[in-house]
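Asker: Below is the structure I would like to discuss, written out as C-alpha cells.
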Amino acid sequence: MRLVCLNAWGGTLHDALIPWLQAETADIFCLQEVIHSPGAAQNWLEYRDGAHVLPQRARMLDELRAALPGHVATFCPAATGVLWDGDRTVPSHWGLASVIRDTVPVIGQVQGFVHKSYSAAGFGAHPRSRPAHVFRIWDGGRPVVVAQMHGLRDPSAGKADTPERAAQAARLIALIDALREPGDGLIVCGDFNVEPDSETLTRLRALGLRELVSEGGFPGTRTARYTKPGRFADYLLVSDEIRVRRFDVLYQPEISDHCPLVLDF
Numbered sequence: 001m002r003l004v005c006l007n008a009w010g011g012t013l014h015d016a017l018i019p020w021l022q023a024e025t026a027d028i029f030c031l032q033e034v035i036h037s038p039g040a041a042q043n044w045l046e047y048r049d050g051a052h053v054l055p056q057r058a059r060m061l062d063e064l065r066a067a068l069p070g071h072v073a074t075f076c077p078a079a080t081g082v083l084w085d086g087d088r089t090v091p092s093h094w095g096l097a098s099v100i101r102d103t104v105p106v107i108g109q110v111q112g113f114v115h116k117s118y119s120a121a122g123f124g125a126h127p128r129s130r131p132a133h134v135f136r137i138w139d140g141g142r143p144v145v146v147a148q149m150h151g152l153r154d155p156s157a158g159k160a161d162t163p164e165r166a167a168q169a170a171r172l173i174a175l176i177d178a179l180r181e182p183g184d185g186l187i188v189c190g191d192f193n194v195e196p197d198s199e200t201l202t203r204l205r206a207l208g209l210r211e212l213v214s215e216g217g218f219p220g221t222r223t224a225r226y227t228k229p230g231r232f233a234d235y236l237l238v239s240d241e242i243r244v245r246r247f248d249v250l251y252q253p254e255i256s257d258h259c260p261l262v263l264d265f
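Numbering (UniProt numbering), first residue to last: 1 to 265.
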C-alpha cells in the first residue's frame with residue numbers, strides 16, 4: 001500500500017500538482033492546505049494576509065476528486081474565510097483532505113481540532129484553527145490507523161516549542177487513542193511546522209513511533225519555492241507494526257513549496 005503526505009499549498013502550482021497526483025499510484029493521500037470555494041465562478045482566487053499574497057485554486061477540492069477517480073475524498077475544514085477576485089470577496093473553506101482508494105475499507109474515523117475550533121466568520125488571527133483527521137483502515141489482514149495534522153503556524157514563535165504546540169500534540173494523541181485498538185499499526189503524518197528536535201515529535205515518539213524523515217537523513221522537506229531558513233516542516237512516523245518497504249522525500253518535480261512524503265508499506 002502507498003501513502004502520500006503533502007501540503008498542497010492551496011493549489012498554487014496546480015499545473016504541476018494535478019498531473020503528478022494523477023500519475024501517482026497512491027492508495028491514500030493525506031493533503032493539507034486544500035481550498036474549497038463552491039460559489040466561485042473562476043479557477044483562481046487570491047489569498048491576502050497583509051503583505052503575504054498568494055494565488056489559490058478556487059475549486060481545488062473538486063479538481064482533486066476529478067483527478068483521482070476510484071478514490072473517496074473526506075474534507076476537514078479548519079475555517080471559512082474569504083479569498084479575493086480583484087476587489088470582490090469569495091467565501092472559501094480551507095483545511096485538510098484525506099483521499100482514500102475506494103477499495104480500501106475505512107472501518108472507523110474521527111475528526112477534531114488540535115488548536116482552537118472551527119471558525120465560520122473568517123480565517124482569524126494567527127495562530128489559526130487547526131484540524132486533524134484520524135481514520136482506521138483494513139490493510140490485508142490487520143487494521144492500520146492513519147492520522148494527519150496541519151500544525152499551527154505561529155509568526156511570533158517560529159517553529160519553537162510553545163505551550164500551544166504542546167497542547168496541540170496532546171489533542172492529536174487523544175484523537176488517535178480514541179480510535180486505535182491494541183495491535184493496530186499506526187502512521188502519523190502532516191505539516192507539523194516544528195523542528196526535528198521538537199517536543200511534538202518527542203511526544204509522538206513516546207507512542208513507540210519512528211520518525212522517518214530524520215531517520216532517513218533527509219536535508220529537509222521544503223522545495224526551492226520556499227526561500228526562508230528552516231527546511232523542515234513535514235514528518236511521517238510509523239509504529240513497529242508497519243513494515244516499511246520504501247520511504248522517500250521527493251524534491252522533484254516541484255508541485256508545492258513542500259515536498260511530498262511517500263511511504264510504501
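Backbone N, C-alpha and C fix where the C-beta goes; we use that ideal spot for every residue, glycine too.
Predicted, not measured: the structure shown is a model, and the values here were computed from it.
Can you tell me the Cα-Cα spacing of residue 274 and D102, whole angstroms?
Answerer: The structure shown does not extend to residue 274, since the chain is modelled only from 1 to 265, so the question has no answer here.
Asker: Buried or exposed: D139, going by 16 or more other Cβ atoms within 10 Å of its Cβ?
Answerer: Sequence index remark: in the sequence shown, residue 139 carries index 139 (1-based). With 16 or more Cβ atoms within 10 Å of its Cβ, D139 is classed as buried.
Asker: Rounded to a whole number of angstroms, what is the C-alpha to C-alpha distance between G109 and N7?
Answerer: Taking the sequence shown and counting its residues from 1, the one referred to as residue 109 is at position 109. Taking the sequence shown and counting its residues from 1, the one referred to as residue 7 is at position 7. Rather than Gly, the amino acid found at residue 109 in this sequence is Gln. For Q109 and N7, the distance between alpha carbons rounds to 21 Å.
Asker: I need the boundaries of the beta strand (DSSP E) containing residue 283, first residue and last residue.
Answerer: Residue numbering for the chain in the displayed model covers 1 to 265; residue 283 lies beyond these limits and cannot be assessed.
Asker: Touching or not, the segment 60-76 and the segment 92-107, by the rule of three or more beta carbon pairs under 8 Å?
Answerer: yes
Asker: For the candidate residues P127, S92, D264 and A51, whose alpha-carbon lies nearest to that of H150?
Answerer: On the sequence shown, residue 150 is found 150 positions in, with the first residue counted as 1. Checked all of P127, S92, D264 and A51; the closest Cα to H150 is P127.
Asker: Quick check on DSSP: helix, strand or coil for I242?
Answerer: Mapped onto the sequence shown, residue 242 falls at position 242. Coil at I242, not helix or strand.
Asker: Nearest to A58 by alpha carbon, out of I35, V114 and P155?
Answerer: Here residue 58 refers to the residue found at position 58 when the sequence shown is read from its first residue. Minimum Cα distance to A58 is reached at I35.
Asker: Measuring CA to CA, which of F123, E195, Y118 and W20 is closest to V90?
Answerer: As a working note, residue 90 is residue 90 in the sequence shown. Nearest C-alpha to V90: F123.
Asker: Ordered along the chain, which non-local residues of its own chain (more than five positions away) have a Cβ less than 6 Å from that of Q115?
Answerer: Your numbering for residue 115 matches position 115 in the sequence shown. The question names Gln, but residue 115 in the sequence shown is His. Closer than 6 Å at the Cβ level, and outside the excluded window around H115, lie R130, L152 and Q168.
Asker: Using the Cα positions of Y226 and R243, report the straight-line distance between them to the nearest angstrom.
Answerer: The residue labelled residue 226 in the question sits at position 226 within the sequence shown. The residue labelled residue 243 in the question sits at position 243 within the sequence shown. Cα-Cα distance, rounded: 32 Å.
Asker: Does the Cβ of S198 have 16 or more other Cβ atoms within 10 Å, making it buried, or fewer, making it exposed?
Answerer: Here the question's residue 198 lines up with position 198 in the sequence shown. S198 comes out buried.
Asker: On the criterion of 16 or more Cβ atoms from any shown chain inside 10 Å, does H52 qualify as buried, or is it exposed?
Answerer: Here residue 52 corresponds to residue number 52 of the sequence shown, with the count starting at 1. So H52 counts as exposed.
Asker: If you follow the beta strand (DSSP E) that R101 is in, where does it begin and where does it stop?
Answerer: Against the sequence shown, residue 101 aligns to sequence position 101. Taken as a continuous stretch (DSSP letters only), the beta strand (DSSP E) holding R101 covers R88 to R101.
Asker: With DSSP as the reference, identify every bridge partner of Q32, one or two as the case may be.
Answerer: Translated into positions along the sequence shown, residue 32 becomes position 32. Q32 pairs with N7.
Asker: Does the segment 237-255 come into contact with the segment 171-190, if we say contact requires no fewer than three beta-carbon pairs (one atom in each stretch) closer than 8 Å?
Answerer: yes
Asker: Would you check if the distance between the CB atom of L17 and the CB atom of G11 is smaller than 8 Å?
Answerer: Position 17 of the sequence shown, counted from the start, is the residue given in the question as residue 17. Position 11 of the sequence shown, counted from the start, is the residue given in the question as residue 11. Their beta carbons are under 8 Å apart, which means L17 touches G11 by this criterion.
Asker: Enumerate in chain order the residues of its own chain whose CB-to-CB distance from A166 is below 7 Å, with the five nearest sequence positions on each side excluded.
Answerer: Translated into the one-based positions of the sequence shown, residue 166 becomes position 166. Around A166: E199.
Asker: Return the chain-ordered list of same chain residues with a C-beta closer than 7 Å to the C-beta of G230, the five sequence neighbours on each side being excluded.
Answerer: Within the sequence shown, numbered from 1, the residue matching residue 230 stands at position 230. The residues are K159.
Asker: May I ask which residues mark the beginning and end of the beta strand (DSSP E) holding L186?
Answerer: As a position in the sequence shown, residue 186 is number 186, starting the count at 1. Run containing L186: G185 to D191, per the beta strand (DSSP E) assignment.
Asker: For the alpha helix (DSSP H) that contains E164, what are its first and last residues?
Answerer: Translated into positions along the sequence shown, residue 164 becomes position 164. Here the alpha helix (DSSP H) through E164 covers P163 to L179.
Asker: Cα separation between A132 and V146?
Answerer: Within the sequence shown, residue 132 is the residue found at index 132, counting from 1. Within the sequence shown, residue 146 is the residue found at index 146, counting from 1. Their Cα atoms are separated by approximately 11 Å.
Asker: Per the DSSP calculation, R142 is bridged to which residue(s)?
Answerer: Here residue 142 refers to the residue found at position 142 when the sequence shown is read from its first residue. Partner(s): D139.
Asker: Leaving out five residues before and five after S214 in sequence, what residues of the same chain have Cβ atoms less than 7 Å from its Cβ?
Answerer: As a working note, residue 214 is residue 214 in the sequence shown. Excluding residues within five positions, the ones whose Cβ falls inside 7 Å are P196.
Asker: According to DSSP, is D27 part of a helix, a strand, or is it coil?
Answerer: What you label residue 27 is simply residue 27 of the sequence shown in a count that begins at 1. D27: coil per DSSP, three-state reduction.
Asker: Is it buried or exposed for Q252, if we count other Cβ within 10 angstroms and need 16 for buried?
Answerer: Counting from one through the sequence shown, the residue named residue 252 turns up at place 252. That one is exposed.
Asker: Can you give the Cα-Cα distance for E24 and S239, rounded to whole angstroms?
Answerer: Taking the first residue of the sequence shown as 1, we reach residue 24 at position 24. Taking the first residue of the sequence shown as 1, we reach residue 239 at position 239. In a straight line, the C-alpha of E24 is about 25 Å away from that of S239.
Asker: For F232, write down the residues that DSSP places opposite it in a beta bridge.
Answerer: Counting from 1 along the sequence shown, the entry for residue 232 is found at position 232. According to DSSP, which records beta bridges pairwise, F232 is partnered with nothing at all.
Asker: Assign S156 to one of two classes, buried (16 or more other C-beta atoms within 10 Å of its C-beta) or exposed (fewer than that).
Answerer: Position 156 of the sequence shown, counting from 1, holds the residue named residue 156. Looking at its Cβ environment, which holds fewer than 16 other Cβ atoms inside 10 Å, S156 is exposed.
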